[in-house]
Amino acid sequence: MKTSYSEMQLDALRELANIGSGTAATALSSLVGVPIDVSVPSAVALPLADAVDAAGAADSYVTAVVLPIFGDIDAIVLLLFPPEDAQTLCGLLGVDADSEVGLSALGEIGNILGSAYVGALGMMTGLELEPRPPETATDMLGAIVSSVLATGAEGTDVALMLDSDLLIEGTEASLSFMLVPSKDGVGEVLSRLGVNG
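Numbering (the working numbering), first residue to last: 30 to 226.
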């Protein structure tokens, strides 16, 4: 399984992330009623173990939104919000991140962001991709990633990581977006983008 990609392939992934982030910014702005700018400073395809390490310390607490993806490739989208950023986003909606309503709000924000990225992926590649309803959990990063990967990532060696920065009326929040496709899913995406070599 290939785990290293050329600069051209990574550029294609970054372009994909930029298109998805533009769509996500528009959708999120309409949800919270204020302008939001979403940027993706980095897009990398990493071996799964490295992607998990890149997301943060295994014992750090995060709120995760999990979106199973079905279609031409099966995948799991994992959005990871550090506690302070989860609180910032929930604060815009007037709810507490630690409440049931807050978790539901983060699930909806994750759903909007994840669906925007997946929609951009489908548009650019011609792949039919359908997100399922999101699931939300707050726990240690290691526990969340282990349980998610145990349920849906058999045979997967590579994850696509997009770190996203959200700028909301001068306030910054960040999250990690991880696409964990079924076996050779990243290769299929790159092939559809015309950069498989």
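Just so you know, even glycine gets a beta-carbon here, dropped at the ideal spot from N, CA and C. Since we're looking at a predicted model, the values are computed, not measured.
| Asked | Found |
| --- | --- |
| Using only the alpha-carbon positions, how far apart do Cys119 and Leu222 sit? | 36 angstroms |
| Could you tell me if Phe110 is buried or exposed, where buried requires 16 or more neighbouring beta carbons within 10 angstroms of its beta carbon? | buried |
| For Pro174 and Ser211, I'd like the C-alpha separation in whole angstroms. | Residue identity differs from the one stated: residue 174 is Val in this sequence, not Pro. Each residue's alpha carbon lies about 16 angstroms from the other. |
| Using the rule of at least 16 other Cβ atoms within 10 Å of the residue's Cβ for burial, across every protein chain shown, is Met30 buried or exposed? | Here Met30 scores only 42 on pLDDT, less than 50, and its place in the model should not be relied on; the value that follows carries that caveat. That one is exposed. |
| Who are the Cβ neighbours of Ser50 in its own chain at under 7 angstroms, not counting the five residues just before and after it? | Val67, Ser68, Val69, Ser193 |
| Suppose the cutoff is 8 angstroms on Cβ atoms and the five residues either side in sequence are ignored; what does the same chain contact list for Ser89 look like? | Pro111, Met169, Leu170 |
| Keeping to the same chain, check which residues put their C-beta closer than 7 angstroms to that of Gly100; ignore five residues upstream and five downstream. | Leu156, Glu157, Leu158, Glu159 |
| Does DSSP classify Pro210 as helix, strand or coil? | strand |
| Suppose contacts are defined by Cβ-Cβ distances below 7 angstroms. Is Leu191 in contact with Ala80 by that definition? | no |
| Please say whether Ala166 and Ala93 have beta carbons closer to each other than 7 angstroms? | yes |
| Excluding the five sequence neighbours on either side, which residues of its own chain have a C-beta within less than 7 angstroms of the C-beta of Thr154, listed in chain order? | Val218, Arg221, Leu222 |
| Compute the Euclidean distance between the alpha carbons of Val209 and Val124, then round it to the nearest angstrom. | 30 angstroms |
| So within the stretch 40 to 78, which uninterrupted beta strand (DSSP E) runs reach at least 3 residues, ignoring any that extend past its ends? | 65 to 76 |
| So is Gln38 buried or exposed if we call it buried at 16+ other beta carbons inside 10 Å? | buried |
| Only counting the same chain, and skipping five residues up and downstream in sequence, which positions put a Cβ closer than 7 angstroms to that of Arg161? | Leu96, Pro97, Phe99 |
| Going by CA-CA distance only, name the one from Ala115, Ala172, Glu44, Gly148 that's closest to Ser133. | Ala115 |
| Since Gly143 and Val106 should fall inside the 8 angstroms C-beta cutoff, what is the C-beta to C-beta distance between them, to a whole number of angstroms? | 4 angstroms |
| If we ignore side chains and look at the alpha-carbon of each, how far apart do Ala87 and Leu108 end up? | 15 angstroms |
| Does Val63 pass the burial test, meaning 16 or more other C-beta atoms within 10 Å, or should it be called exposed? | exposed |
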